[in-house]
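Novice: Quick one: the structure is below, questions incoming.
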Amino acid sequence: MCIQTLKNKEGNRSGFWTAEEDQKLAQVIQLHGPTKWQSLAINAGLNRSGKSCRLRWMNYLRPNIKRGNISDQEEDLILRLHKLLGNRWSLIAGRLPGRTDNEIKNYWNSHLSKKIMKQNKEKQTKKKKKLVQEMIKEVDHNYHNDYNHNHNGYYDNDIGCSKRNEIISIFDQDNYYLNSTLWDEPLNLVWMSNFLEVDETNNN
DNA sequence: AAAAAAGTCAACCGCCACGAT
DNA sequence: AATCGTGGCGGTTGACTTTTT
Numbered sequence: 002m003c004i005q006t007l008k009n010k011e012g013n014r015s016g017f018w019t020a021e022e023d024q025k026l027a028q029v030i031q032l033h034g035p036t037k038w039q040s041l042a043i044n045a046g047l048n049r050s051g052k053s054c055r056l057r058w059m060n061y062l063r064p065n066i067k068r069g070n071i072s073d074q075e076e077d078l079i080l081r082l083h084k085l086l087g088n089r090w091s092l093i094a095g096r097l098p099g100r101t102d103n104e105i106k107n108y109w110n111s112h113l114s115k116k117i118m119k120q121n122k123e124k125q126t127k128k129k130k131k132l133v134q135e136m137i138k139e140v141d142h143n144y145h146n147d148y149n150h151n152h153n154g155y156y157d158n159d160i161g162c163s164k165r166n167e168i169i170s171i172f173d174q175d176n177y178y179l180n181s182t183l184w185d186e187p188l189n190l191v192w193m194s195n196f197l198e199v200d201e202t203n204n205n
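Written as structure tokens, this is what we have:
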């Protein structure tokens, strides 16, 4: 791995820590305790900011740190705590022994946020489908009872048209499946339900 | 095989709170 | 009361890795 040799604004080293730096920091903390980070950095002979030293200690060097392999129980706890507390990572981490706020935050951003988004999308799709199915049923009812339905099979009464409009707007918000040609066709419920099936397979 | 895209995560930055002076 | 130093936090970056094309 290539080790960065960047410097920050104050001219201190920045970027990934080397094993040698870790060792120096751990030694000086053993002597003086994890406080006064600015002077610790100097005592350790590290050309690092106090903040950088503190972060390295808190997230990687301090004892009893757990890294990786977040269990199902931990994940469940993170999800529930996030629902309760929002992005208050240090509070959440405080309830998970050995875990750091940074790790929880990273785990959330790279795993859980997508998972949650997917779950929400699925719920929304389910809801939408149910609604559309109910409306189709309603239109179907009108279709068979409406004397304005003309001899070509066109569906031209006002209620039916507005219902059809509603269905299109709910079902096809992205204008993805349906297009304006729908208006030139009788409302074909079988045809409509084909799209519902397509929708279902796309989301699995 | 290689280039591009997507994912991961360690570390930085800016901001804020708080205690000391 | 004002200023300064320090610690703590969350958002974000970007180097590196992995997956996809």
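Numbering (this note's numbering), first residue to last: 2 to 205.
Glycine included, every Cβ here is placed at the ideal spot set by N, Cα and C.
For clarity, every value in this text was computed on a predicted model and none was experimentally measured.
Using the rule of at least 16 other Cβ atoms within 10 Å of the residue's Cβ for burial, across every protein chain shown, is arginine 81 buried or exposed?
Specialist: Looking at its Cβ environment, which holds fewer than 16 other Cβ atoms inside 10 Å, arginine 81 is exposed.
Novice: What alpha helix (DSSP H) runs, 4 residues minimum, are completely inside the region 29-112?
Specialist: If we require 4 residues or more, the alpha helix (DSSP H) runs fully inside the region 29-112 come out as 38-44, 51-57, 73-86, 90-95, 102-108.
Novice: Could you tell me the alpha carbon to alpha carbon distance between leucine 47 and arginine 63, rounded to whole angstroms?
Specialist: If I take the Cα positions, the gap works out to 18 Å.
Novice: Should isoleucine 105 and isoleucine 93 be called a contact, given that it needs their Cβ atoms to be closer than 9 Å?
Specialist: Yes, the pair counts as a contact, with Cβ atoms nearer than the cut-off.
Novice: Is methionine 59 close to the ligand SAM? I mean its beta-carbon at under 8 Å from any heavy atom of the ligand.
Specialist: No copy of the ligand SAM appears in this structure; indeed no ligand is present at all.
Novice: Report the option in Leu86, Leu97, Ser15, Trp58 whose CA atom is closest to the CA atom of glutamine 74.
Specialist: Minimum Cα distance to glutamine 74 is reached at Leu97.
Novice: Run the CB neighbour count on leucine 85, radius 10 Å, all protein chains shown included, and call it buried at 16 or more, exposed below.
Specialist: Burial call: exposed.
Novice: Can you round the beta-carbon distance between isoleucine 79 and tryptophan 109 to whole angstroms, since I take them to be within the 8 Å contact cut?
Specialist: Contact flag correct, Cβ pair sits at about 7 Å.
Novice: Between Gln31, Gly51, Asn60, which has its C-alpha nearest arginine 100's C-alpha?
Specialist: Closest option to arginine 100, Cα to Cα, is Asn60.
Novice: Just verifying my parser: in three-state terms, what is the DSSP assignment at aspartate 175?
Specialist: Legend: pLDDT at aspartate 175 = 49, less than 50; position of this residue unreliable, no value from coordinates given.
Novice: Which term fits alanine 42, buried or exposed, when burial requires 16 or more other beta carbons within 10 angstroms of its beta carbon?
Specialist: With 16 or more Cβ atoms within 10 Å of its Cβ, alanine 42 is classed as buried.
Novice: Which term fits lysine 25, buried or exposed, when burial requires 16 or more other beta carbons within 10 angstroms of its beta carbon?
Specialist: Result: buried.
Novice: Take asparagine 107 as the anchor and find which of Glu135, Lys128, Glu76 has the nearest alpha-carbon.
Specialist: Cα-wise, what sits closest to asparagine 107 is Glu76.
Novice: Given a cut-off of 9 Å on the beta-carbon distance, is the pair asparagine 44 and leucine 56 in contact?
Specialist: Against a cut-off of 9 Å, the Cβ pair of leucine 56 and asparagine 44 comes out as no contact.
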